[in-house]
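S.K.: Quick one: this structure, given as structure tokens, is what I'll be asking you about.
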Amino acid sequence: LGGETRKVVIAFIDIVGFTRMSERLPDREVVKVVNAVFDTIGTEITRSEGYIDKYIGDAVMAVWNAPNDVADPEVRAVACALAVIDLLPELRRRTGQAELDLRIALNAGPALVGDIGGETRRSFTVMGTTVNTASRIESIAKDAAVRLAFTGPVGEALPASLPQRLLWRGQLRGLTTETVVLTLDDARLWMDGQGPALSLVPEDAQSAIPGCGEPRQSGTLGRQSGPRQGLVGQQHASSGLGRMAPDLHG
1049 LGGETRKVVI AFIDIVGFTR MSERLPDREV VKVVNAVFDT IGTEITRSEG
1099 YIDKYIGDAV MAVWNAPNDV ADPEVRAVAC ALAVIDLLPE LRRRTGQAEL
1149 DLRIALNAGP ALVGDIGGET RRSFTVMGTT VNTASRIESI AKDAAVRLAF
1199 TGPVGEALPA SLPQRLLWRG QLRGLTTETV VLTLDDARLW MDGQGPALSL
1249 VPEDAQSAIP GCGEPRQSGT LGRQSGPRQG LVGQQHASSG LGRMAPDLHG
């Protein structure tokens, strides 16, 4: 019992549009859909040597390199995310939900891992800033309209064969340090097939992460056709960047 600090990779995998689906379907059908999705996600997490920490409503929280040692946890977590995304067509067929989609957020860093709880009940879990940051990256993935977003520490550990695109950098709510958020330059990850709805100007992309290529478009936010509709921005003067950033809640 007790805890220790370990370098881990944290994943939050969310079912997109769960609220709308739960309003439209009978409760039993909702449970069937969620169980089918969680079963598929869980299989891929286990296959990549990850550990399912918990289910949180319509989301799964997973961790790599805890409780067991895992080599190259960042690479394994990203491989798991891509495997899950590749299974979306099959999941839509199995569940009968043509609009079913997923959003995945990854972060790497130190975290407290161990058995947490009181005298009557304890369970293994992971906690700390690394976990909190991973949960907030999902908001940026949502604004960027991508299925996968990850932080700089994850991107730095990936091979050059996985080209990256810089989505956002700034100070997340409740944190004092700058966070860099990226995705892969992979069309499978675009929610609407047109590329990310957020990107930074090319000089930012070149300086943020070693090996991170330029976004295909320039400008602070949005694609060449203009900013994404409904994107809420606020100036983060405390970050010293002088750029617009999504207003993150939670």
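End of the sequence shown = 1298 in this note's numbering, gap-free, step of one.
Virtual Cβ for every residue (Gly too), placed ideally from N, Cα, C.
Everything numeric in this text was worked out from a predicted model, so none of it was measured.
Could you tell me the distance, in whole angstroms, from the CA atom of Gly1090 to the CA atom of Arg1217?
M.R.: Whole-angstrom Cα-Cα distance: 31 Å.
S.K.: Taking the alpha-carbon positions, what's the Ile1061 to Ala1192 distance?
M.R.: About 16 Å.
S.K.: Going along the chain, which residues of its own chain have a beta-carbon closer than 7 Å to the beta-carbon of Ile1093, five neighbours each way excluded?
M.R.: Excluding sequence neighbours, Ile1093 sits near Ile1100, Ala1110 and Cys1128.
S.K.: Rounded to whole angstroms, what's the CA-CA distance from Lys1102 to Ala1059? Just pull it up for me.
M.R.: Distance between the alpha carbons of Lys1102 and Ala1059: 11 Å.
S.K.: Would you check if the segment 1176–1186 and the segment 1210–1228 touch, i.e. whether three or more CB-CB distances between them fall below 8 Å?
M.R.: Taking 8 Å as the limit for Cβ pairs, the verdict is that the segment 1176–1186 does touch the segment 1210–1228.
S.K.: According to DSSP, is Gly1203 part of a helix, a strand, or is it coil?
M.R.: Here Gly1203 sits in helix by DSSP.
S.K.: State whether the segment 1196–1206 contacts the segment 1153–1169, with contact taken as three or more CB pairs (one from each stretch) at a distance under 8 Å.
M.R.: The answer is yes - the segment 1153–1169 touches the segment 1196–1206, with three or more Cβ pairs under 8 Å.
S.K.: Would you report the Cα separation of Arg1068 and Pro1121, rounded to the nearest angstrom?
M.R.: Between Arg1068 and Pro1121, the C-alpha separation is close to 34 Å.
S.K.: Do Val1085 and Ala1114 have their beta-carbon atoms positioned less than 9 Å apart in this structure?
M.R.: Against a cut-off of 9 Å, the Cβ pair of Val1085 and Ala1114 comes out as no contact.
S.K.: On a CA-only basis, which of Asp1240, Ala1245, Glu1186 and Arg1184 is nearest Arg1213? Give me that one, please.
M.R.: Of the listed residues, the one whose Cα sits closest to Arg1213 is Ala1245.
S.K.: In three-state terms, what does DSSP make of Ser1096?
M.R.: Looking at Ser1096 - three-state DSSP - the assignment turns out to be coil, as it is neither helix nor strand.
S.K.: Using three-state DSSP, classify Ser1273 as helix, strand or coil.
M.R.: Note that Ser1273 scores 35 on pLDDT, short of 50, meaning its location in the model is unreliable and no value can be drawn from it.
S.K.: Between which two residues does the alpha helix (DSSP H) holding Arg1072 run?
M.R.: That run of the alpha helix (DSSP H) goes Phe1066 to Arg1072.
S.K.: Using DSSP with H/G/I as helix, E/B as strand and the rest coil, what is Ala1156?
M.R.: Strand.
S.K.: How would you call Asp1106, buried or exposed, if buried means at least 16 neighbouring beta carbons within 10 angstroms?
M.R.: Buried, since its Cβ has 16 or more Cβ neighbours within 10 Å.
S.K.: Locate the beta strand (DSSP E) running through Val1108, then write down its first and last residues.
M.R.: From DSSP, the beta strand (DSSP E) with Val1108 extends over Ala1107 to Trp1112.
S.K.: As a quick exercise: from Ala1205, Arg1170, Glu1071 and Thr1173, pick the residue whose alpha carbon is nearest that of Arg1124.
M.R.: Taking only the C-alpha atoms, the option nearest Arg1124 is Ala1205.
S.K.: Do Thr1173 and Leu1139 have their CB atoms nearer than 9 Å?
M.R.: Taking 9 Å as the Cβ cut-off, Thr1173 and Leu1139 do not qualify as a contacting pair.
S.K.: How would you label Gln1047, buried or exposed, when you count the other beta carbons within 10 angstroms and need 16 or more for buried?
M.R.: Look at the range of the chain in this structure, 1049 to 1298, and you will see that residue 1047 is not part of it.
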